[in-house]
């Protein structure tokens, strides 16, 4: 057996060098990871919650992920089922409440489970779309996992365009029930997680037919399987949709209904109701319910942005640690002399190309985390106050941000893998798993092509009806009265867009680009130029009379995508600067810590939203926590600069539109990015340490906190199923036939 | 059982609509796929060879790939082993010669096999690095698969920097043998395909130690396993390195040597020899051998470029056909009325955003195919004439092209997947498999970070020693005498770079950008600006005296990467224009078909290399083939324009450097790209049809030639291992415990 080979056993302990290199990186960094962690996770309390959840998982071998790389689809589904059941039963035993259990499931388990949709989509629907009686019946069943409820919206032939869904629910007053039916193959529900083999029920979106009239989409809670033996109920055809790039641990399913009878009370009637005799009525105050639902989607999207930051940080933890440990190039042994102690090769992390690939992504991980947390806090404030005035803005923004995050993080994770060279391609690097799962974000719940026009249309409309829109300084409160909805200062550039496109950047030296006001001006100029161009195109189309706004939006979809991304980057930059400014304020005014200084020192650009957003984080971490000090704040400031300038470099053509930046200024930006890369590189290992991702969670031989990369790679290799026998069955069954064929039956061991 | 469900059986035949849509696309296209295929594959003869190879594979069920998505690592290795053995034995039986067998293996089998390295790396080494006696002994053994030979270069701790390899071969005159040894864990050979469980031998790169003196890297043929029973020989520790993102069908392996004795005659002595008493001597004329080896690498890289084009075409075949079949958006049923024949949704392919993602990639697939074939023809000419004068140029170019191709194709395949929406994420789409395997190109045999500086350095050196370089028109022949090596006109811009950066583009209308000369000027201006900037940086560094050229190259690595990519795109554009011009020449001058008009009508920009390159293609397809006509040539011309302009749009910031393009011209380019996208879209289905990828080869439910997408998706889903039982074991073992826990043992089937 290979793994009893003394040669390997003896050598497995040799790679001290990686350990030494990471120690050096940590010793020379000015960042204290534990302080930075408090910042990243939004205060000591949130951090402690997170650590408790992680400890819950990591102390229990059932939750181990060591077997992951070696399991096929079926085994992965079995394992994830085992994990959920064990987790829920254990929490039940220990008296851990539902919300805390969700923390553990979502943050710490590190597994996409068959019940994710049950907890994230079905339960919120049961909470917000139901009548009190329905809620009283179904919610406890769902929260206690006495039923498992899929959320069945998407159909085989219809994704984002929900208006085209084909499943029909025909109300039959005589039996007081709906007849649920899938008219053709393309109407099969397709994709819902947990639907294939796990769910007992599903919330099914179907077109309600009432006395021959189409009342549009409604939700029904439909039982799928017998509760005694889990067999599908009559008329229900269920199954798994097959293996996927990722999400192997989930039974994404299909479901066809053949005239399935559903009791009247199983329509979710929080928003509209049907009387026994088939009278349809919108419910009073249902609007609020719809908006709460709407808000729930915002929470999901905020979570996607935040999770995007964390996912990127995870891939970066692997890539940055490995880049510090891996040596390559530039120090060959002198020819003609062999020395075991030949001059060492360089750390890969010292290559400017490596830094250029990784450091801007590190800045992105912080930007996304900060912005995701901000969105989540805003959502909570929104729930608390039911102040709906900012809802249209926030909803539009969340569409654009979801799309942008999906793109940046997916590509970023793939970059991290490639920056690990060949070894990144091994599942043992942990990176293919991260990519394969995360990239689903790019297609589920709307692709960029579907989402970005939503934000772009919002911006365009603001710009096209200037009389209805707030002018000038956007402090929402002042303008909410005039406008049908409030607007944060993020949109200040809109009414001024035309003017901004004649501005030229005044930066004469690289250092000028390190002024936040300068950066925000640049991002505003860029988005303004795109907006102006979009407006010109649309106005020309409307004058041409070939269809309305929708047709023109479709025609100019590429441009609208750019507009959406540009706006989102402006918002990310603002949130990043605001967060850093807050920390700067804290650090410089330690004596006035509880005063009202948060957010000052940011060029007066703090808006109402930002101030709102900071509240909660504040109140939490007054005592007993390690907070960010001057050194960490300096690093955060540099990360923020790098976010700004690397974004400018990446989309330089847009910043050069209408010559806002000159060719020479563009070169300056590139030079400054290289300098910032070097600066951040010095702190990079400590910065990823601050995300507190344990070796267990990372599941990566390359990303080990102790730097013992090569021994870990070997250990993983020895676990390859192909190594279970010294001579493979492939030899006995196949290769032997070739090697020994014909006249060449080897009589000798050696040639 | 799900798959006996009559509901599904009945409905499986319903999706006629996809068939109808693809028929419509084909009927309205002006491209005849069979004619275009002749162009794509370089003539009727090459096409016929290809089709014969495909028929060989597709007629035999052993080679089927239907099981692929459901197999784990071990089973995939077993299957690929079975396929190779079956293929070789069958060819042996049918008397098919080795080279033709390789065609079948490499082009048609559609499987990455454990013997790919044996045939692509080891056999060429045995051919070119050996003495005639060694050749006579080893080559027949290898070509007949009586041995399987891995190629063991890369080590666990060392990839591209071969100078740092640690494996040692110490010559011992007393026993006339080498002692092969891996001094530490990091020196383990790591990654070679087939090394883990299949190979009997390996060509091992090791540092030759001779009387205490390091003679640098040499190759040794080392027996690894006993030929009677396949057990590893004493001192050899072998194994598989574990599961990977792709390449699951190959046993990439590791190998550690513990003082393994290798006979003197097993050093490959084609280039240098050791006498029995340990006297070392470079062989006379060995230089030629080295250059042939060098050439072999070029052939591999040409193959990578060509395969890149074909891989992209494969992903595009799926994405474009599915985009034609898939409908989404813009035609909801009117509210309040339900109609089974509601107005149809739009074909996704009609969205400009979809076109913008896919059409430029379609242009790339042609550009890569054309250029890869050109490189391959040049390699053959090179072998024929042993004219080495262009070798430095070609080698440098191949480095840059390998890196660029890997990046564009990997990302392009991923784009194709995402453009299929959620369904692209299913393995049944066939796309994850393509991505997972192809993306390995980005890291194996040198990452972009390692390769691009090689081309950039070549360009930089040309520009820095102008007195030694040919000036003006680069027709290689004229200048070869003066220069140490010849140079094609691809580098004409180099001596003129400084001048070019003051030029401004004169295009005043979008149509002006459709002039090939204009496009080439633009690409030359762009690469010139990068070159000039690079030179300024390097000269400043050299003046500053902080290290030499190597240090400055490292410092400016990001810029040098851009320079490499810009040059490669210029070359791709030139080859594309030349190829189209040749076809235009043929079509317009049908009467003078055999005359010397090839390549005319291209603004006089055809260089010697291009003329060389066209020869072979010519001589092949005179008779009996369907050749490209005026309609196809027009489409090719548009594809070429799209390649040029979408490339400009993508890297617009570089084309705007030193204001070569103005902001307004940049907008024109974007508009023109959208127009070209629409034009190419009309031919898109026929253009992918022309790659002649059968449904079997595609292995994609979404890419079916007949458009019956939804039925195929269902059929694939029914094959999911999770569907083998109606009630999953996950229920019996796990979910049941949760659903029925505590006080809630369900007595009833329904709630």
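Protein chains in written order, with the UniProt record's numbering: chain A, 1 to 751; chain B, 1 to 751. Each residue gets a CB set at the ideal place from its N, CA and C atoms; glycine is no exception.
The Cβ of residue 520 of chain A sits no closer than 7 angstroms to any Cβ of chain B. Using beta-carbon distances, residue 359 of chain B does not count as an interface residue toward chain A, since no partner is under 7 angstroms.
For residue 402 of chain B, the enclosing alpha helix (DSSP H) has its first and last residue at 391-419.
Taking C-alpha positions only, residue 142 of chain A is separated from residue 727 of chain B by approximately 21 angstroms. Assignment of residue 147 of chain B by DSSP, reduced to helix, strand and coil, places it in the coil class. If you check each beta-carbon in the segment 243-268 of chain A against every beta-carbon of chain B, the ones closer than 7 angstroms belong to 243, 244, 245, 251, 254, 256, 258. DSSP, read as helix, strand or coil, puts residue 282 of chain B in strand. Following the DSSP letters along the chain, one finds residue 221 of chain A inside the beta strand (DSSP E) bounded by residues 213-223. Within the DSSP bridge table, the entry for residue 210 of chain A names A:213 as partners. Using a Cβ-Cβ cut-off of 9 angstroms, residue 156 of chain B is close to 423, 710, 713, 714 of chain A, given in chain order. Taking a C-beta distance under 7 angstroms as the contact criterion, residue 431 of chain B and residue 417 of chain B qualify as a contact pair. The beta carbon of residue 218 of chain B sits no closer than 7 angstroms to any beta carbon of chain A. Under the Cβ criterion of 7 angstroms, residue 691 of chain A is not counted among the residues facing chain B. Here the alpha carbons of residue 58 of chain B and residue 46 of chain B stand approximately 18 angstroms from one another. Scanning chain B for C-beta atoms nearer than 9 angstroms to the C-beta of residue 70 of chain A yields 72, 73, 242, 243, reported in chain order.
DSSP places residue 432 of chain B in the uninterrupted alpha helix (DSSP H) bounded by 431-438. Taking C-alpha positions only, residue 222 of chain B is separated from residue 299 of chain B by approximately 26 angstroms. For residue 540 of chain A, no Cβ of chain B is located within less than 7 angstroms of the residue's own Cβ.
According to the DSSP assignment, residue 261 of chain A belongs to the beta strand (DSSP E) that extends over 260-263. For residue 734 of chain B, the residues of chain A that pass the 7 angstroms Cβ criterion are 81, 82, 85, in the order they occur in the chain. In the structure shown, the three-state DSSP call for residue 347 of chain B is strand. Remark: C-beta atoms of residue 379 of chain B and residue 302 of chain B approach each other more closely than 7 angstroms. The Cβ atoms of residue 685 of chain B and residue 646 of chain B lie no closer than 7 angstroms to each other. Runs of the alpha helix (DSSP H) lying entirely within the segment 657-684 of chain A and spanning at least 4 residues, in chain order: 663-681.
Taking a C-beta distance under 7 angstroms as the contact criterion, residue 642 of chain A and residue 363 of chain A qualify as a contact pair.
Within 8 angstroms of the CB of residue 729 of chain B, the CB atoms of chain A belong to 78, in sequence order along the chain. DSSP places residue 33 of chain A within a helical segment (H, G or I) once states are collapsed to three. Secondary-structure assignment with DSSP links residue 170 of chain B through a beta bridge to B:179, B:209.
Using a Cβ-Cβ cut-off of 7 angstroms, residue 652 of chain B counts as an interface residue toward chain A, since at least one Cβ of chain A sits closer than that to its own. Residue B:151 holds the alpha-carbon nearest to the alpha-carbon of residue 194 of chain B among B:439, B:22, B:172, B:151. Minimum Cα-Cα distance from residue 32 of chain B among the listed residues B:709, B:687, B:120 corresponds to B:687.
Annotation: the continuous beta strand (DSSP E) that includes residue 272 of chain B extends over 272-274. Judged by DSSP in its simplified three-state form, residue 24 of chain B adopts helix. Sequence-ordered contacts of the segment 440-468 of chain B with chain A read 440, 442, 443, 444, 447, 449 [C-beta pairs closer than 7 angstroms]. Taking 7 angstroms as the CB threshold, residue 191 of chain A lines the interface with chain B.
In this structure, the straight-line span from the alpha carbon of residue 510 of chain B to that of residue 679 of chain B is close to 15 angstroms.
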